[in-house]
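See below for the structure under consideration.
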Amino acid sequence: SYNTSLHDNNEFRWNTTPPRIPLFIKQKMDINSIYYQFGVGLKYNVSKLIDIEARTMYIISGDDEFDGGGNAGPADYDPASKVSKYNMISKRRSDNAWTVNLGVSFKLGKHLTHLAWHDPLQETYSRIHTLENTNVDFVVCEKGDQDNDGVCDDWDRQLDTPAGARVDGAGVALDMDLDGVIDLYDKCVTVPGPVENHGCPLSNNNSSMGLVTDESRILKGIEFDLDSDRILPSNTPILSQAINYINTSSGSFKVIGGTDTRGTEQYNQGLSERRAKNVKEYLIQNGADGNKLEAIGRGETNLLYPECEPAEKCPEWKNRANRRVYFEAK
Numbered sequence: 001s002y003n004t005s006l007h008d009n010n011e012f013r014w015n016t017t018p019p020r021i022p023l024f025i026k027q028k029m030d031i032n033s034i035y036y037q038f039g040v041g042l043k044y045n046v047s048k049l050i051d052i053e054a055r056t057m058y059i060i061s062g063d064d065e066f067d068g069g070g071n072a073g074p075a076d077y078d079p080a081s082k083v084s085k086y087n088m089i090s091k092r093r094s095d096n097a098w099t100v101n102l103g104v105s106f107k108l109g110k111h112l113t114h115l116a117w118h119d120p121l122q123e124t125y126s127r128i129h130t131l132e133n134t135n136v137d138f139v140v141c142e143k144g145d146q147d148n149d150g151v152c153d154d155w156d157r158q159l160d161t162p163a164g165a166r167v168d169g170a171g172v173a174l175d176m177d178l179d180g181v182i183d184l185y186d187k188c189v190t191v192p193g194p195v196e197n198h199g200c201p202l203s204n205n206n207s208s209m210g211l212v213t214d215e216s217r218i219l220k221g222i223e224f225d226l227d228s229d230r231i232l233p234s235n236t237p238i239l240s241q242a243i244n245y246i247n248t249s250s251g252s253f254k255v256i257g258g259t260d261t262r263g264t265e266q267y268n269q270g271l272s273e274r275r276a277k278n279v280k281e282y283l284i285q286n287g288a289d290g291n292k293l294e295a296i297g298r299g300e301t302n303l304l305y306p307e308c309e310p311a312e313k314c315p316e317w318k319n320r321a322n323r324r325v326y327f328e329a330k
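Numbering follows the numbering used here, in which position 99 of the sequence shown is assigned residue number 99; successive positions increment by one, without gaps.
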């Protein structure tokens, strides 16, 4: 809707007394100031990129002032003239219009279907049809479970779990005390101990609190995670006993690092040296006499379980036992 105001720039044009024609005509907004329009259109999808369109519209303004002027009709206001010299506004007239448009639309974007032509229901039906014709038979444990631990080989991190061993969600045999002996073979499940003693602590009846055997005088050592030279917190009690024995002994000791057979010989040699060096530094930092210690790496040449070559031939607890640092008296 709108207001209109019509002015005559030549005020002397109708210089009569009284003037027959007003110099200023103002049309207030009323119900006739509301205009209406209706139409129809047709659009055709030529291709992915092009649409063509035809549209027609009809406008009903309701007022004679919609186009900014009135109608130069008969001499309604000037009897001396056959045609009015001034476009007068009449509420009895309406400025209507009819338009016809033709157009071409170019669509940009990477999608195959433009939003204007996209039918979500059709897409839904298409996907449902595809699912209905898809083979929905799923195979559980496609690669099987060769160690029968209840964990599929597809995500089993330990494919050679011994029969009867309890496992975690990844198929790895449980070792509650983290001493390297799985619970199936561990005689002391909740107390860490060396592999040679079935996972139980050595008794105090052995020489030097069970750390040194009388026959070989080899100090029992600690184990490491795969491809790691970090000393585990569970090994600190063993190293504390080693410090006590080293300081009370009159002899010197070799701190020897070892690995399992995974990896190249050159890499394993370096890894074993780092393990031995870290243990030596730990012992010295916690009070051991550094003059009595010599760090040596032997790589994979001195396996506690030599049958684990290659490593895949043995259960993981044996490979873990090969990843060690142990002590030898000089």
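Even glycine gets a Cβ: it sits at the ideal position worked out from N, Cα and C.
- Sequence-distant Cβ neighbours of ARG320 in its own chain, meaning closer than 7 Å and more than five residues away, are GLY180, GLU223.
- Contiguous beta strand (DSSP E) elements confined to the stretch 213–265 occur at 218–223, 253–257, taking only those with 3 or more residues.
- Spanning the alpha carbons of SER249 and ASN291 requires a straight line of approximately 12 Å.
- Beta-bridge pairing by DSSP links GLN37 to ILE59.
- Measuring C-alpha to C-alpha distances from THR236 to each of TYR185, ASN278, GLN158 identifies ASN278 as the nearest.
- DSSP places SER126 inside the alpha helix (DSSP H), whose first and last residues are 120–132.
- Residue state for TYR282 is assigned as helix, using DSSP reduced to three classes.
- In this structure, the straight-line span from the alpha carbon of VAL172 to that of VAL139 is close to 23 Å.
- Taking a cut-off of 8 Å for Cβ pairs, the stretch 151–162 and the stretch 295–310 do not touch, as fewer than three such pairs fall below it.
- By DSSP's assignment, ASP51 forms a beta bridge with ASN45, SER105.
- In this structure the stretch 121–128 does not lie against the stretch 93–103, because fewer than three pairs of beta carbons, one per stretch, are closer than 8 Å.
- In this structure, the beta-carbon distance from ALA329 to GLY251 falls below 8 Å.
- The three-state reading of DSSP puts ALA170 in coil, since its state is none of H, G, I, E or B.
- In the structure shown, ALA329 adopts extended strand secondary structure according to DSSP, grouped into three states.
- In the assembly as shown, LYS313 is an exposed residue. Its beta-carbon has fewer than 16 other beta-carbons within 10 Å.
- Around LEU271, the same chain offers THR259 as residues with beta carbons nearer than 6 Å, after the five sequence neighbours per side are excluded.
- In the DSSP assignment, GLU196 falls outside any alpha helix (DSSP H) and carries neither an H nor an E.
- ARG275 carries a helical assignment under DSSP once its states are collapsed to helix, strand and coil.
- DSSP lists LYS254 as the bridge partner or partners of GLU294.
- Of the other Cβ atoms in all chains shown, fewer than 16 fall within 10 Å of the Cβ of GLN285; this residue is therefore exposed.
- When DSSP states are grouped into helix, strand and coil, ASN96 belongs to the strand group.
- A Cβ-Cβ contact shorter than 8 Å links LEU283 with ILE246.
- Leaving aside the five residues that flank GLN269 on each side, the residues in its chain whose CB is nearer than 7 Å to its CB run, in chain order, GLY297, GLY299.
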